[in-house]
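Notes follow the structure.
Protein chains: 2
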Amino acid sequence: MHGLLTDLYELTMAAGYFEAGKATEKASFELYIRRLPANRNFVIAAGLAQAVDYLLNLRFTDAEITYLRGLPQFTRASQAFFDALAGFRFRGDVFAVPEGTPVFAGEPLLTVRAPLLEAQIPETFLLATIGFQSMVATKAARVVEAAAGRAVIEFGTRRAHSPEAGVLAARAAYIGGSIGTSNTEAGFRFGIPVFGTAAHSWVVSFASEMESFRRLKDLLGSSTVYLVDSYDTLEGTRKAASLGPPLWGVRLDSGNLFELAPAVRRILDEAGLREAKIMASGELNEYRILELVAAGLSMDAFGVGTELVTSADAPSLGAVYKMVELETGGKRRYTAKFSAEKHTMPGAKQVFRYGDHDQIACAGESPAGAPEALLGPVILNGELAGPLPDVDAARRRARESIARLPAACRSLYEAEPPYRVDYSREVLALLDETRKGLEGAEA
Amino acid sequence: MHGLLTDLYELTMAAGYFEAGKATEKASFELYIRRLPANRNFVIAAGLAQAVDYLLNLRFTDAEITYLRGLPQFTRASQAFFDALAGFRFRGDVFAVPEGTPVFAGEPLLTVRAPLLEAQIPETFLLATIGFQSMVATKAARVVEAAAGRAVIEFGTRRAHSPEAGVLAARAAYIGGSIGTSNTEAGFRFGIPVFGTAAHSWVVSFASEMESFRRLKDLLGSSTVYLVDSYDTLEGTRKAASLGPPLWGVRLDSGNLFELAPAVRRILDEAGLREAKIMASGELNEYRILELVAAGLSMDAFGVGTELVTSADAPSLGAVYKMVELETGGKRRYTAKFSAEKHTMPGAKQVFRYGDHDQIACAGESPAGAPEALLGPVILNGELAGPLPDVDAARRRARESIARLPAACRSLYEAEPPYRVDYSREVLALLDETRKGLEGAEA
């Protein structure tokens, strides 16, 4: 299952490791974010549950192996290699930060320690899963911050990068702080609260807007949200208001919210519907919500779609998966890459959080002051180390951890100074050694 | 299958239509792009195959129905509605433009004509599927245009918005003109050519770069692509060159390509490897490729990842799905939305392509001059109307159609004047009538 859902070079490398007798050398790879995206002061880790599920179920079917055998890149690969794929199981260890944890550039979100072949193949899937969900959880945290206590609902499946991306975006947005999603599958699969009432097609399918509103109320009662902008927003609001309670409120999906929101509020209030709420939707993001909130508009909820599920102002996260150690020829070698702008740090690491700063240390260090160690065991010898926290626990962790960050980090713009992340002396010494060792080998 | 992979409001509307006795009223919905994204002069339609597969297999399982029954939005829905979901089949008609067709704002890519309940529920999935793949196919066409005959390979799965998005992005990029992908699953599932040799982890896993190169050549022979920038690009190239033929060439993944490419070319040539190719990768997009090509650098192929699969400069497509007709109470009613900035055009449509311009006409029109009609039947009464073109046919269609567009449309920037798209007199008359009819109903 999912055996081929990876870049081809992971599989050619797997073949190469196998033929070179290196497939069982124990390697450590770290997944981390090279640089924080623009305007981000932290990233919320998310996607671990799907990554773990993938690793525990990663297999190669006969049809997949037959396909590989037919590729020109595998003509020199041996039968023994294909047999190894047929029997593939992930039997390694995984250490990870829990979902909902804020992390910073260079900090491992996940460490895989496994025989080289088993650690290499999952690279692509792990990056796509954790990178995407972390990106969306981070965006959600920004939107929620801007909304300043008003509810944020994720509405973006239709603009997600494929339907399945919509399901996972709903999950990540919930971890990042949305109160729920319009994505029904996400509700079904993950237990996330779901929201939704009616679209413009509902309104235009009836002979009159008024009839469409009456029918909606019949169905939804106190959950009714009237979409009032199909023809004329204020007129639509008056019709909705004339129906009286029960209702949840109205939704404004177009037009100038700065003018419409107060006018709509007035119409509802004058009809005695002071409890009726106003939801805004339509091309919202954290910047526009900040403006609406700053203007003191009486809005109770925001439906945020496209911008949230695509993280439109930063639609990718520079997550990478790099080999940091390899046990080869009976001894441990630390590995790194020293090219111009893309260097890596050798050795498996731990991240210690002190509250006002983090330290990236070697995996075995135990610093004074009992800081929080972010990475913990998730899979040991191919078996789940224990139950993973659910999405509600991850969401709580995100909210509580963000609240504990220095206030400057919660800005929608670059924090000055940024959150401090140091390397321990041991890591820096290892970097130095590795560089020297490498120069020796190449000389 | 996939029954819940939709926005909740599609399902509450379905319940509402059912309870109002409207579920079987025949509706037509059109899927189109409201505005072309910045710098796009056309959009390449893609994703139809997945949309069709979804419609033909859309079902609700018992577990899914039980989930819905437990939601507060469905407490007033009747047993008969849930029975209707349990027996759900899409039995309507679908008309669509073939994959690989360039389309413009306002032109339907797909029309669904079906009982209202069956036409409403698929909205979210159809938008996500067709919107995403069309966005990526369009981006690929731009990258391929900039590459001016050099090969473009899609490398982006790790930064795609979920692993499955990576598979579909590979498909869409191929339709848009890439020669293939690094995504093995896309090769397996769709027959797209796959490419890949080795990453930096391969190089650093050996005691020396030289040994890693030797081993790679043992495995891949004439397919060998040496990744030469792990430590020092020119030194790496010299080592690769010293191994002599056979090889495909080298890949440069970092550093200043303007300086490195000529130097690397020189090293290869001086070693007698004039046939060896240079591939560039690493944060490329159409704008950077245009610069590299304009500088006359000797490059043979580009690996394009993140920017391609996320369409980074325009990471969403404003695709919408709007009801345009409804047969209700024994007569056909044309439907539209007239709110401030988001109006829609009533009536099912056809698009006629004249070469230098298009006309959006009513579905039944047959204009003089025998222009190409873009929309054709794909599903009739819930059955596939005929086999869909495969990805190679779609790719060919895209290439040939783009070549026939006015040259200005192939610019990476806004064409001046833009491609002309008119509405027929009949469509405009229908708009006028619909608006008047609506004012009557609401008066």
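Taken in order, these protein sequences are the chains called A and B. The numbering used here puts the first residue of the first sequence at 1, with every later residue one more than the last. The numbering used here puts the first residue of the second sequence at 1001, with every later residue one more than the last. All C-beta atoms in this analysis are idealised placements derived from N, C-alpha and C, irrespective of residue type, glycine included. Just so it is clear, the structure is predicted and the values come from calculations on it, not from any experiment.
Check	Outcome
How would you call Thr66 (chain A), buried or exposed, if buried means at least 16 neighbouring beta carbons within 10 angstroms?	exposed
With 8 Å set as the bound, which would you pick, yes or no: does the beta-carbon of Val204 (chain A) sit closer than that to a beta-carbon of chain B?	yes
Could you say if the segment 201-216 of chain A and the segment 1083-1090 of chain B meet the contact criterion of at least three C-beta pairs nearer than 8 Å?	no
If you follow the alpha helix (DSSP H) that His200 (chain A) is in, where does it begin and where does it stop?	His200 to Ser205
From Thr1233 (chain B) to His343 (chain A), what distance separates their C-alpha atoms?	13 Å
Let me check one thing: in DSSP terms, what residues is Ala319 (chain A) bridge-paired to?	A:Ile33
Determine the chain A residues that contact Val1194 (chain B) at a beta-carbon separation under 7 Å, and present them in chain order.	Leu8 and Leu71
Could you spell out the range, first to last residue, of the beta strand (DSSP E) harbouring Gly87 (chain A)?	Neither: Gly87 (chain A) is in no beta strand (DSSP E) and is coded neither H nor E.
Output yes or no for whether 8 Å exceeds the beta carbon distance between Ala45 (chain A) and Ser134 (chain A).	yes
Of all the CB atoms in chain B, is at least one closer than 8 Å to the CB of Ser78 (chain A)?	no
Where do the ends of the beta strand (DSSP E) carrying Leu1252 (chain B) lie?	Gly1249 to Leu1252
Taking the alpha carbon of Ala1096 (chain B) as the reference point, which residue from B:Pro1102, B:Leu1085 and B:Pro1108 has its own alpha carbon closest?	B:Pro1108
Count the other C-beta atoms from every protein chain shown that fall within 10 angstroms of the C-beta of Asp1253 (chain B), then say buried if there are 16 or more, exposed otherwise.	buried
Quick one: grab the DSSP three-state call for Lys337 (chain A).	coil
State the beta-bridge partners of Cys1362 (chain B) as determined by DSSP.	B:Lys1349
Does the beta carbon of Lys322 (chain A) come closer than 8 Å to any beta carbon on chain B?	yes
With 8 Å as the threshold, decide whether the Cβ of Lys1337 (chain B) is near any Cβ in chain A.	yes
DSSP has Lys1277 (chain B) in a bridge; who is on the other side?	B:Gly1249
Tell me the residue span of the beta strand (DSSP E) that contains Ala1314 (chain B).	Note, Ala1314 (chain B): premise wrong, no beta strand (DSSP E); not H, not E.
Once DSSP output is grouped into helix, strand and coil, what is the label at Phe1095 (chain B)?	strand
Run the CB neighbour count on Leu438 (chain A), radius 10 Å, all protein chains shown included, and call it buried at 16 or more, exposed below.	buried
Can you give the Cα-Cα distance for Thr1243 (chain B) and Arg1214 (chain B), rounded to whole angstroms?	With the sequence shown as reference, residue 1243 (chain B) is identified as Leu, and Thr is not the correct amino acid for it. C-alpha separation (whole angstroms): 7 Å.
Would you call Ala443 (chain A) buried or exposed, if buried means 16 or more other Cβ atoms sit within 10 Å of its Cβ?	Note on Ala443 (chain A): pLDDT 44, under 50, position unreliable in the model; the coordinate value appears next. By the neighbour-count rule (16 or more Cβ atoms within 10 Å), Ala443 (chain A) is not buried but exposed.
In the segment 1138-1169 of chain B, which residue ranges form an unbroken beta strand (DSSP E) of at least 3 residues, counting only runs that do not cross its ends?	1151-1154
Return the residues of the segment 1027-1046 of chain B that lie within a Cβ-Cβ distance of less than 9 Å from chain A, sorted by chain order.	Ala1027 and Phe1029
Which residues of chain C have a Cβ atom closer than 8 Å to the Cβ of Gly131 (chain A), listed in chain order?	Going by chain labels, chain C is absent from the structure shown, which instead holds the protein chains A and B.
Is there a C-beta anywhere in chain A that falls below 8 Å from the one on Met1001 (chain B)?	no
With H, G and I counted as helix, E and B as strand and the rest as coil, what does DSSP make of Val264 (chain A)?	helix
Within 8 Å of any Cβ in chain B, is that where the Cβ of Gly347 (chain A) sits?	no
Between Glu1185 (chain B) and chain A, is any beta-carbon pair separated by less than 8 Å?	yes
Figure out for me which residue from A:Val52, A:Arg59, A:Phe29 and A:Val43 has the closest Cα to the Cα of Gly3 (chain A).	A:Arg59
Taking all protein chains shown into account, do 16 or more other C-beta atoms lie within 10 angstroms of the C-beta of Glu1010 (chain B), making it buried, or fewer, making it exposed?	buried
Output, in chain order, the set of chain A residues within a Cβ distance shorter than 7 Å of Arg1215 (chain B).	Gly16 and Ala20
Does the beta-carbon of Tyr413 (chain A) have 16 or more other beta-carbons within 10 angstroms, so that it is buried, or is it exposed?	exposed
When we look at the beta-carbon of Thr124 (chain A) and count the other beta-carbons within 10 Å, is it buried (16 or more) or exposed?	buried
Rounded to a whole number of angstroms, what is the C-alpha to C-alpha distance between Phe1155 (chain B) and Glu99 (chain A)?	27 Å
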